[in-house]
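For the sequence shown, full-length UniProt numbering gives the first residue as 1, with consecutive numbering after it.
What follows is one structure encoded as structure tokens, with my remarks underneath.
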Amino acid sequence: MNYQKSYSERIARQAAELPKENGPGIPKSGYTRSCRGCNLEDDGQTLACSHCKAPGRASDRSTLSLATCPKLQISNNHGDLTCDPEGNAPNIPAGGYSQSCKGCSIQEEELVCTHCPGTDGRFQRATFDVGRCPSPGSLTNDNGKLFCYGLPNQDDIPEGGYKDSCSGCAMRGELLECSCRAADGGQRTTSHRAKNCKHPGRLDNDNGHLSCKGLQNAKNIPAGGYQRSCNGCQQVQREAGLMLVCSSCRRADGEEVRGVLNLDMCPHPGVPDNRNGHIVCVGVPNDPDVPEG
Numbered sequence: 001m002n003y004q005k006s007y008s009e010r011i012a013r014q015a016a017e018l019p020k021e022n023g024p025g026i027p028k029s030g031y032t033r034s035c036r037g038c039n040l041e042d043d044g045q046t047l048a049c050s051h052c053k054a055p056g057r058a059s060d061r062s063t064l065s066l067a068t069c070p071k072l073q074i075s076n077n078h079g080d081l082t083c084d085p086e087g088n089a090p091n092i093p094a095g096g097y098s099q100s101c102k103g104c105s106i107q108e109e110e111l112v113c114t115h116c117p118g119t120d121g122r123f124q125r126a127t128f129d130v131g132r133c134p135s136p137g138s139l140t141n142d143n144g145k146l147f148c149y150g151l152p153n154q155d156d157i158p159e160g161g162y163k164d165s166c167s168g169c170a171m172r173g174e175l176l177e178c179s180c181r182a183a184d185g186g187q188r189t190t191s192h193r194a195k196n197c198k199h200p201g202r203l204d205n206d207n208g209h210l211s212c213k214g215l216q217n218a219k220n221i222p223a224g225g226y227q228r229s230c231n232g233c234q235q236v237q238r239e240a241g242l243m244l245v246c247s248s249c250r251r252a253d254g255e256e257v258r259g260v261l262n263l264d265m266c267p268h269p270g271v272p273d274n275r276n277g278h279i280v281c282v283g284v285p286n287d288p289d290v291p292e293g
């Protein structure tokens, strides 16, 4: 008796998990070939399907706001309901990206493509500042991201591993500026004050940011959290006092800048720390005579 009850409950659960027929009034489009259990929700403003097929995984629920899809041309993109792209605008720059990216247009000096396929076939939105890809550079689709290829580096730039994944590198005064590939496949404009990366340091690309690698800190520098994100640090005696000078300190955005702190202004128990590229003194208690407020 208990076995029959358990069996009936299991059959009921399995039946509840099976997709139901599509409901009335849903948009007629390509998604209906691979999505089931589709109905209109939120007073007809949302299309919701309980089962949309995706390669390599079980069918899953997907929803789409119909307000984002005025022509109601909808596809199943690897399990996600997606509004079919518009055609590319006529004034977009030439490049291989236009063969695989759709819905591309210029918006406030930025190339915006609503549908760029990655290597897994899924579409994603991609943007690129067209001013960062001058001739002879050409934009292409690199795993769903717009990427500028073919920008030459200037001849007078410093040596370093960054050249393997950065392009369009040029000296702008004391700054080395490049477009560098990031870990997510995108491209970032980055700069570094080249003279701060003295031998044995070498400039490299660290997730789309120019970074000085290989600089050693002097042995007599004070302890402090700054040593985790600052390199090339040493103590220098100057007229203003004993200075802690670091060739490069990482900011929150990943860029590196020179850091300086007057150690005479950081008495014990204060210790130097890196706060967004600035070396500051932390842990110094307030003078008890200082009024609160």
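Glycine included, every Cβ here is placed at the ideal spot set by N, Cα and C.
- Going by beta carbons, Pro272 and Gly232 fall outside the 9 Å limit.
- Annotation for Ser98: Asn88, Ile92 and Cys104 place their beta carbon closer than 8 Å to its own, counting only its chain and skipping 5 residues before and after.
- About 13 Å separates the CB atoms of Gln237 and Ala218; that is not less than 8 Å, and the two are not in contact.
- In this chain, Ala223 is not harboured by any beta strand (DSSP E), its DSSP state being neither H nor E.
- C-alpha of Ala58 to C-alpha of Cys49: approximately 14 Å in a straight line.
- Taken in chain order, the whole beta strand (DSSP E) runs of length 3 or more contained in the segment 256–282 are 256–262, 271–275 and 278–282.
- Spanning the alpha carbons of Thr189 and Ala54 requires a straight line of approximately 36 Å.
- If the five residues before and after Glu21 are omitted, its C-beta is found closer than 7 Å to no C-beta atom of its own chain.
- Of the residues Ala67, Leu81, His199 and Gly56, the one whose Cα lies closest to the Cα of Arg33 is Leu81.
- By the beta-carbon neighbour count (other beta carbons within 10 angstroms, threshold 16), Asp142 is buried.
- Its Cα nearest to that of Asn274, the residue Cys249 stands out among Thr68, Cys249 and Gln187.
- Pro90 is not bridged by DSSP to any residue.
- If the five residues before and after Ser65 are omitted, its C-beta is found closer than 7 Å to the C-beta atoms of Gln45 and Thr46, all from its own chain and listed in chain order.
- Remark: fewer than three beta-carbon pairs, one from each stretch, lie closer than 8 Å, so the segment 148–163 and the segment 107–127 are not flagged as touching.
- The beta carbon of Asp204 sits closer than 7 Å to the beta carbons of Gly160, Gly161, Tyr162, Ser211 and Lys213 from its chain, once the five residues preceding and following it are set aside; these are given in chain order.
- In this structure, Pro117 lies away from Ser138, with their beta-carbon atoms at least 9 Å apart.
- Under a 10 Å Cβ-count criterion, Ser135 is classified as exposed, with fewer than 16 other Cβ atoms of the shown protein chains found around its own Cβ.
- Not a single unbroken stretch of the alpha helix (DSSP H) spanning 4 or more residues falls wholly within the segment 49–86.
- In the three-state reduction of the DSSP assignment, Asp129 falls in the strand class.
- In the displayed model, Gln99 falls within a helix according to three-state DSSP.
- Cβ neighbours of Cys169 within its own chain (closer than 6 Å, five residues either side excluded): Asn153, Ile157 and Cys178.
- Taking 9 Å as the cut-off, the beta carbon of Arg258 is found closer than this to the beta carbon of Asn196.
- With fewer than 16 neighbouring CB atoms inside 10 Å of its own CB, Val284 falls in the exposed class.
- Minimum Cα-Cα distance from His199 among the listed residues Ala240, Asp184 and Ser247 corresponds to Ser247.
- About 12 Å separates the CB atoms of Gly144 and His78; that is not less than 8 Å, and the two are not in contact.
- With fewer than 16 other CB atoms across the displayed protein chains lying within 10 angstroms of its CB, Ala240 is exposed.
- As a beta-bridge residue in DSSP terms, Gly160 pairs with Leu203.
- CA-to-CA, the gap between Ala94 and Pro222 works out to about 55 Å.
- Gly277 is positioned such that its CB atom lies closer than 9 Å to that of Glu256.
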